[in-house]
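Take a look at the structure below.
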Amino acid sequence: MSSSSDSLQFAVLNSTNIYRQHYEAQNVTWNSTLANYAQNYAKNCVWKHSGGPYGENLAANFESPTLAIDAWANEESEYSYDDRKFTEKTGHFTQLVWQNTTSVGCGLVQCDNDAENGVKGAYLVCEYSPRGNVKGQFGCMETWINHAGLD
Numbered sequence: 001m002s003s004s005s006d007s008l009q010f011a012v013l014n015s016t017n018i019y020r021q022h023y024e025a026q027n028v029t030w031n032s033t034l035a036n037y038a039q040n041y042a043k044n045c046v047w048k049h050s051g052g053p054y055g056e057n058l059a060a061n062f063e064s065p066t067l068a069i070d071a072w073a074n075e076e077s078e079y080s081y082d083d084r085k086f087t088e089k090t091g092h093f094t095q096l097v098w099q100n101t102t103s104v105g106c107g108l109v110q111c112d113n114d115a116e117n118g119v120k121g122a123y124l125v126c127e128y129s130p131r132g133n134v135k136g137q138f139g140c141m142e143t144w145i146n147h148a149g150l151d
């Protein structure tokens with residue numbers, strides 16, 4: 001994975017906004033505060049969520065940020081449009097296309113952490129604001145239902 005901040009920003013915004021447009025969510029913009037937070041957290045090379053104030057997606061060992069984002073988007077196949085709630089299998093997808101989210105920032109590092117929950121290889125951390133996956137707000141995502149042809 002390339003760690004150039006400009007190429008990371010381009011790849012993340014391009015891929016993310018393609019998926020968001022598909023689900024009729026507004027494009028997100030790059031936020032340097034989120035990117036700095038993500039980069040600083042990624043440097044820990046620990047495979048767990050930061051517990052910070054933002055929505056967060058993690059990916060490890062993908063050849064590019066675009067492929068990591070594709071994997072998050074592909075969780076849509078597991079999403080239940082009937083239940084409309086957060087699940088571990090679909091949380092990356094729902095955060096990616098969450099309609100109230102307006103900005104994203106990501107960090108990318110090469111890790112060599114052999115600890116039990118450590119990361120080896122490329123580690124991508126993306127932060128989103130406002131955060132998605134908010135309990136009680138999945139029902140407002142009518143465009144997801146329209147996309148699925150369930151309206």
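Numbering (the UniProt record's numbering), first residue to last: 1 to 151. Each residue gets a CB set at the ideal place from its N, CA and C atoms; glycine is no exception. Source: prediction; values computed, not measured.
Assign residue i to buried or exposed, taking buried as 16 or more other Cβ atoms, counted over all protein chains shown, within 10 Å of its Cβ.
| i | result |
| --- | --- |
| G51 | exposed |
| S32 | exposed |
| G136 | exposed |
| Q21 | exposed |
Give the DSSP-derived three-state secondary structure of residue i in the structure shown.
| i | result |
| --- | --- |
| W98 | coil |
| G55 | strand |
| W47 | coil |
| Y128 | strand |
| S103 | strand |
| T66 | helix |
Excluding the 5 residues preceding and the 5 following residue i in the sequence, name in chain order all residues of the same chain whose CB lies nearer than 6 Å to its CB.
| i | result |
| --- | --- |
| T90 | E75, E78, Y79 |
| V119 | C45, W47, A60, C111, N113 |
| G107 | A38, Q39, A42, V125 |
List the DSSP bridge partners of residue i.
| i | result |
| --- | --- |
| Y123 | A60, V109 |
Please go through the same chain and pick out, in chain order, the residues whose beta-carbon is closer than 8 Å to the beta-carbon of residue i, but skip the five residues on each side of it.
| i | result |
| --- | --- |
| A25 | V97, W98, Q99, T101, T143 |
| G121 | A60, N61, Q110, C111 |
Inset, instruction - Check whether the stretch 126-137 touches the stretch 37-57, taking contact to mean three or more Cβ pairs, one atom from each stretch, closer than 8 Å. - result: yes
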